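Count the sequence shown with our numbering and you get residues 1 to 207, in order.
Ideal placement from N, C-alpha and C gives every residue a C-beta, glycine not left out.
Computed from a predicted model, the values in this text were never measured in an experiment.
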Amino acid sequence: MRLVLLGPPASGKGTQAVGLAEAHGIPKISTGDMLRAHKAQGTELGRRAAEYMSAGKLVPDELVIAMVDERLGQPDAATGFLLDGFPRTVPQAEALAALLERRGTPLTAALQIDVPRELLVERATLRRTDKRTGRIYHLKYSPPPPDAELEHRADDQEATVVRRLDEYDALTAALLPYYQAKGLLRRVEGVGSPAEIAERIRSAIAG
Ligand code: AMP
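The following block contains the structure:
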């Protein structure tokens with residue numbers, strides 16, 4: 001199973017990616033998580049990515065593509081993977097297709113989670129992550145347990161979320177016709193409980 005999970009910021013990709021990767025026994029590869037880890041560790045890549053991330057802009061394609069190429073070469077990705085947050089531009093999608101072709105392992109499907117834009121700002125600004133477990137909560141719809149150690153992502157402040165959504169519309173939305181033309185696109189409605197959406201994803205992949 002080699003999957004790409006697509007959808008706007010705060011569409012539920014990260015939440016769904018955890019269950020989906022577990023269900024299929026494949027690693028979840030989140031470029032956002034990888035970049036945040038680089039930033040926290042103060043690597044050269046993290047330093048270069050930080051200025052884009054805090055401005056709500058996409059990190060340049062060549063940096064992200066090299067990072068993903070290296071990650072897909074690791075042994076745990078040999079039997080499959082779930083990419084979360086990559087590709088985000090058509091050049092990234094083309095680079096991914098080229099590197100998978102080189103390895104003789106084409107994508108199984110690209111799964112898009114659709115959520116209306118007006119819901120996304122509230123989802124992002126009320127989103128919190130438990131530092132210890134990495135689990136994602138929503139203060140209103142999916143409240144964290146009392147002992148959670150909550151973090152609010154720096155780029156989930158309202159003004160930055162709006163810029164990230166604009167970046168999505170300008171660059172990432174073009175991936176839908178790209179994967180549609182290749183016959184790989186599956187779309188699911190992303191409004192509902194996480195369990196309902198997980199069920200829609202299961203049937204979209206099976207069908
Ligand atoms: P995410 O956690 O997926 O929302 O990503 C957080 C931020 O990391 C994004 O707003 C971008 O600045 C950066 N980022 C993550 N994935 C990519 C990617 N595929 N291409 C460019 N920038 C990315």
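Secondary structure of residue i, DSSP reduced to three states
i      : result
SER193 : coil
ASP169 : helix
LYS140 : coil
ILE29  : strand
Residues near residue i by beta carbon distance below 7 Å, same chain, minus five either side
i      : result
PHE81  : ARG2, ILE26, PRO27, ILE29, LEU72
ALA170 : none
TYR179 : ALA110, LEU185
THR105 : ARG2
ALA154 : SER54
Bridge partners - residue i, DSSP secondary structure assignment
i      : result
GLN112 : LEU6, ARG187
PHE211 : As displayed, the chain neither begins before 1 nor continues past 207, which places residue 211 out of reach and without an answer.
Continuous alpha helix (DSSP H) stretch holding residue i: start and end
i      : result
TYR178 : 175-181
HIS152 : Element bounds for HIS152: n/a, residue is neither H nor E.
ILE65  : 61-72
LYS13  : 13-24
Cβ-based burial, residue i [other Cβ within 10 Å; buried from 16]
i      : result
PRO60  : exposed
PRO143 : exposed
PRO9   : buried
GLU22  : exposed
VAL212 : Residue numbering for the chain in the displayed model covers 1 to 207; residue 212 lies beyond these limits and cannot be assessed.
ARG123 : buried
VAL115 : buried
ALA66  : exposed
GLU167 : buried
SER203 : exposed
GLY7   : buried
PRO87  : buried
GLN74  : exposed
Run of the beta strand (DSSP E) containing residue i, from where it starts to where it stops
i      : result
TYR52  : Counting along the chain, TYR52 falls outside any beta strand (DSSP E), though it belongs to the alpha helix (DSSP H) covering 44-54.
ARG128 : 127-130
Neighbourhood of residue i by C-beta, 6 Å cutoff - its chain only, sequence neighbours within 5 removed
i      : result
ASP69  : LEU99
GLY19  : ALA198
TYR137 : ARG128, PRO144
HIS24  : MET1
LEU126 : HIS138, LEU139, LYS140
ALA148 : ASP130
Own chain partners of residue i with C-beta closer than 8 Å, once the 5 adjacent residues on each side are dropped
i     : result
ALA55 : THR160, ARG163
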